[in-house]
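Below you'll find the structure, written out as structure tokens, and then a few comments.
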Amino acid sequence: MTEEKTFVHDEALRLAAEQFIRDHKLTQGQFTGRLAGSFSTTRVAKYLNLDKPGNRPEPDAPRVEAAIRAYMRHIARGAELNAKLFDNSLSTRMAGVLRQIRRTGDIGLIHGDGGEGKTSSAILFCRDNPDTIMVTARHPYACSDWAIMQMVFAEFCASVAEKWDGRGCKWSWLELQLRGTQRLLLFDDAELMHLSAFRWAFSLHDATGIPMGFIGNDEVITKITAADSSGKMVSRIGIKHHAFLEDDEAVCAQKLIEQFAPGADELLEPVQARMLRA
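The sequence shown begins at 0 in numbering that gives the first Met the number 0 and counts up by one.
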């Protein structure tokens, strides 16, 4: 008879989560609300109390721990991003569109000129919404349906405790895991994706109902339209948004000064004066 392994929690992770809750003055309910997956505050609290004598892990403790680990990983990435990226007019509008896509469960398309900051805006959104899954078709070998499928699978598995056991079809398993979760799935640099990858994404949306967004340069529209003689794919895109950066240099300058030179009033004063004149 095989002896069942007892779950042993990651104490370093538990301590990090407790410290994060204290540092950000969160309730355990607020912290639970930031985790990917459907957990009650009680379940998360029981995990956080596993250091107390006599407390035993609940059956779903591995899932809770995986969700906390994924969130803390996003937070760590966010800390690194704070030194490189900051919100601007484009990222603010894109965040609103992505929230709308998530609320409606639609397939959305965000397009615009290259170099405007669409990718940076998507990364900032993922930092603040860690249950988002984002993959990028940036390289020639990462544009086919197979490559995109593999990336989505890997990103999903990195954020949950459940792992494919190797039996059956892993794509069916992925669909089952995503179904009804309302996790937002983003495809960046979508203009590079092969049409087979778009078709798989649409099929995944049919099977799971999760919200989905394509982010790319303007040619993504031409690419889909040219191969979509029936109009079925284009008609599936419920939300379209043209992304562009407004003339907000003064606002950007203020944010950079506040971020990298806090307290430098002599730098802020001329910037704020320009903003008042605008």
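Each residue gets a CB set at the ideal place from its N, CA and C atoms; glycine is no exception.
Practice task
Compare the C-alpha of His138 against each of Leu108, Ile209, His193 and Ala44 and name the closest.
Solution key: In this structure, His193 is the residue among Leu108, Ile209, His193 and Ala44 with its C-alpha nearest to the C-alpha of His138.
Handout entry: Cβ-Cβ separation, Trp170 to Met148 (assumed contact under 8 Å), whole Å
Key = Contact annotation, Met148 with Trp170: C-beta distance approximately 7 Å; criterion of less than 8 Å satisfied.
Practice task
Any chance you could list the beta strand (DSSP E) runs of at least 3 consecutive residues sitting entirely within the stretch 90-152, in chain order?
Solution key: Here the runs fully enclosed are 106-111 and 132-135.
Handout entry: With 16 other Cβ atoms within 10 Å as the buried cut-off, status of Arg62
Key = Arg62 comes out buried.
Problem - Beta-carbon contacts of Leu97 that lie in its chain and below 7 Å, excluding the five residues immediately before and after - result: Closer than 7 Å at Cβ, skipping near neighbours: Phe124, Leu183 and Gly212.
Problem - Cα-Cα separation between Asp130 and Asp227, rounded to whole angstroms - result: For Asp130 and Asp227, the distance between alpha carbons rounds to 31 Å.
Exercise for the section: Decide if Tyr46 is buried, meaning its Cβ has at least 16 other Cβ atoms within 10 Å, or exposed. Expected result: By the 16-neighbour rule on beta-carbons within 10 angstroms, Tyr46 is buried.
Handout entry: Terminal residues of the alpha helix (DSSP H) in which Asp22 lies
Key = Note, Asp22: alpha helix (DSSP H), Glu10 to Asp22.
Problem - With 16 other Cβ atoms within 10 Å as the buried cut-off, status of Ala11 - result: Here Ala11 is exposed, its C-beta having fewer than 16 other C-beta atoms within 10 Å.
Problem - Backbone secondary structure at Lys162 - three-state DSSP - result: Collapsing the DSSP output to three states places Lys162 in coil.
Practice task
May I ask you to list the residues that DSSP assigns as paired with Lys239?
Solution key: Leu108.
Problem - Ala44 beta carbon less than 9 Å from that of Ser158 - result: Here Ser158 is not near Ala44, since their CB atoms are 9 Å or more apart.
Problem - the ligand NAD heavy atom lying under 8 Å from the CB of Cys125 - result: The ligand NAD is not part of the structure shown, which contains no ligands of any sort.
Problem - Separation of Arg92 from Leu108, as counted between CA atoms - result: The straight-line gap from Cα to Cα measures roughly 13 Å.
Handout entry: Assigned exposure category for Asp187 - 16 Cβ within 10 Å defines buried
Key = If you draw a 10 Å sphere on the C-beta of Asp187, you find 16 or more other C-beta atoms in it, and that means buried.
Problem - alpha helix (DSSP H) runs contained entirely in the stretch 164-191, provided each spans 4 or more residues - result: Taking 4 residues as the minimum length, the alpha helix (DSSP H) runs contained wholly in the stretch 164-191 are 169-177, in order along the chain.
Problem - Where Tyr140 falls, given that 16 or more other Cβ within 10 Å makes a residue buried - result: Exposed: under 16 other Cβ atoms inside 10 Å.
Exercise for the section: Output the distance between the C-alpha atoms of Ile256 and Asp86, rounded to the nearest integer angstrom. Expected result: Below a pLDDT of 50, predicted positions are generally treated as unreliable, and Ile256, at 47, falls in that range; the measurement from the model is reported next regardless. Roughly 13 Å between the two C-alpha positions.
Problem - Residue range of the unbroken alpha helix (DSSP H) whose run includes Phe201 - result: It spans Leu194 to Thr207 - the alpha helix (DSSP H) in which Phe201 sits, taken as one unbroken run.
Practice task
Could you tell me which residues DSSP pairs with Met211 in its beta bridges?
Solution key: In the DSSP output, where bridge partners are listed per residue, Met211 has Ile106 and Leu184.
Exercise for the section: Could you tell me how far apart the beta carbons of Ile236 and His110 are, in whole angstroms, since I believe they sit closer than 8 Å? Expected result: So it is not a contact: roughly 10 Å between Cβ atoms.
Exercise for the section: With distances taken Cα to Cα, identify the nearest neighbour of Glu115 among Glu190, Arg102, Ser90 and Ala200. Expected result: Measuring from the Cα of Glu115, the nearest candidate turns out to be Ser90.
Exercise for the section: Determine the direct distance from the alpha carbon of Phe152 to that of Ile209, and round the result to whole angstroms. Expected result: Whole-angstrom Cα-Cα distance: 14 Å.
Exercise for the section: Using a threshold of 9 Å, state whether the C-beta atoms of Ala206 and Ala136 are closer than that. Expected result: Contact flag unset, no.
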